[in-house]
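S.K.:
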Amino acid sequence: MIYPSSAQFITSAANIAGAPEFAMSEVAFLGRSNVGKSSLINALTGRKNLAKSSSTPGKTQLINFFEIKFKQKLAADSDGSQNETSLDLASKEALSSAANCAQDHAEAAASERNLKQDCVLNLKSASADFRSDRETDLAAGFAPNSAQSSELNFTGRSALSLADNPAFSDLASLGENISLIFVDLPGFGYAKVSKKLHYIWQKNLDEFIKERLNIKLFVHLIDARQFDLTIDKNLQNYLASFLRGDQKVVRLYTKADKLNQSERTKLLRHDPQAVLVSTLKGSGLTKAREIIVRGALGL
Numbered sequence: 004m005i006y007p008s009s010a011q012f013i014t015s016a017a018n019i020a021g022a023p024e025f026a027m028s029e030v031a032f033l034g035r036s037n038v039g040k041s042s043l044i045n046a047l048t049g050r051k052n053l054a055k056s057s058s059t060p061g062k063t064q065l066i067n068f069f070e071i072k073f074k075q076k077l078a079a080d081s082d083g084s085q086n087e088t089s090l091d092l093a094s095k096e097a098l099s100s101a102a103n104c105a106q107d108h109a110e111a112a113a114s115e116r117n118l119k120q121d122c123v124l125n126l127k128s129a130s131a132d133f134r135s136d137r138e139t140d141l142a143a144g145f146a147p148n149s150a151q152s153s154e155l156n157f158t159g160r161s162a163l164s165l166a167d168n169p170a171f172s173d174l175a176s177l178g179e180n181i182s183l184i185f186v187d188l189p190g191f192g193y194a195k196v197s198k199k200l201h202y203i204w205q206k207n208l209d210e211f212i213k214e215r216l217n218i219k220l221f222v223h224l225i226d227a228r229q230f231d232l233t234i235d236k237n238l239q240n241y242l243a244s245f246l247r248g249d250q251k252v253v254r255l256y257t258k259a260d261k262l263n264q265s266e267r268t269k270l271l272r273h274d275p276q277a278v279l280v281s282t283l284k285g286s287g288l289t290k291a292r293e294i295i296v297r298g299a300l301g302l
């Protein structure tokens, strides 16, 4: 079992030129506005206020960096005794994380505004009209030229899933301590900004996402209640258009607690590899941590 042992905010940057270099693999979280990126980062790390929220969509446009350290409970020693990463310690960490997340996301449930990093990426044309009342119009800017892109579909090998690697036993070779950099990217979708500022944001983010060599895993967050939006399909195509051989994409569906059984079944038919998470209920977080660690380290 993998669980967080420490997490800290490092710095923010407006663009790739201002971003520090780390000797660690980076995990980039991205998704449309109000999908719950900050809530998920807080839940995964067990720190309820690590990633700050903005109550105004599109207000926060900085790229935020966090150093996250994980521990894993290794197999019992040959004499049957547990090694120093004990089950008791793991249980305490898990309970502490659950308590923090429950408190944090009870507050988040009371205010849908408690979500982070809301700005716009529109990579097709800086001259396109910004229409804040229609998110899908804005999303169309993510669609790359069809002649130059290879679509990242729900069955393609570019997406990381448990089906590809059903066992996590090889993580044991890394030892107990695992360190990663989480990169919280501004949300895309709804934002009240001028065309000039909009262009600057999209240019900076496009450069960072495409040129940042340390990014080994993109975590695409999708609202489980709205899993088939054009804005998310276009983001998938955008990532697939430049994905390197040492990079992977994983899709996590947030706010799974909002689904009834019929809606859950419909989502799983749409994406059989779907990983559903709920920061409010704490469900799916253990699986998500292992998938993220595995993907970031190329396992």
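Residue numbers (the numbering used here): 4 to 302. All C-beta atoms, glycine included, are put in the ideal place defined by N, C-alpha and C.
Assuming Asp-209 contacts Ile-225 under a Cβ cut-off of 8 angstroms, what Cβ separation, rounded to an integer in Å, is found between them?
M.R.: Between Ile-225 and Asp-209 the Cβ distance is about 20 angstroms, and since that is not below 8 angstroms, they are no contact.
S.K.: Taking just the CA atoms, how far does Leu-183 sit from Lys-74?
M.R.: Distance between the alpha carbons of Lys-74 and Leu-183 is about 12 angstroms.
S.K.: I need the straight-line Cα distance from Gln-64 to Leu-47, nearest angstrom please.
M.R.: Each residue's alpha carbon lies about 22 angstroms from the other.
S.K.: With DSSP run on the structure shown, which of helix, strand or coil describes Ser-41?
M.R.: Ser-41: helix per DSSP, three-state reduction.
S.K.: Distance check for Ser-41 and Arg-35, CA to CA, integer angstroms please.
M.R.: One C-alpha to the other measures close to 12 angstroms.
S.K.: Are the beta-carbon atoms belonging to Glu-29 and Lys-219 less than 9 angstroms from one another?
M.R.: Result yes, Cβ atoms of Glu-29 and Lys-219 sit closer than 9 angstroms.
S.K.: So, with DSSP's three-state summary, where would you put Phe-73?
M.R.: The answer is strand: DSSP assigns Phe-73 an E or B state.
S.K.: Could you give the DSSP three-state label for Ser-15: helix, strand or coil?
M.R.: Looking at Ser-15 - three-state DSSP - the assignment turns out to be strand.
S.K.: From the DSSP output, which residues share a beta bridge with Lys-251?
M.R.: Paired residue(s): Leu-220.
S.K.: Measure the C-alpha to C-alpha separation of Lys-292 and Ile-71 and round it to an integer number of angstroms.
M.R.: One point to set straight first is that residue 292 is Arg, not Lys, in the sequence displayed. C-alpha separation (whole angstroms): 11 angstroms.
S.K.: So Ala-31 and Val-222 are in contact, right, with Cβ under 8 angstroms, and what is the actual spacing, rounded?
M.R.: Right, their Cβ atoms sit about 7 angstroms apart.
S.K.: Using DSSP bridges, identify the partner residues of Val-278.
M.R.: Looking at the DSSP assignment, Val-278 forms a beta bridge with Leu-255.
S.K.: List the endpoints of the continuous beta strand (DSSP E) containing Ala-31.
M.R.: Residues 29-34.
S.K.: Looking at the unbroken alpha helix (DSSP H) that takes in Gln-229, where does it start and where does it end?
M.R.: No alpha helix (DSSP H) holds Gln-229; DSSP gives it neither H nor E.
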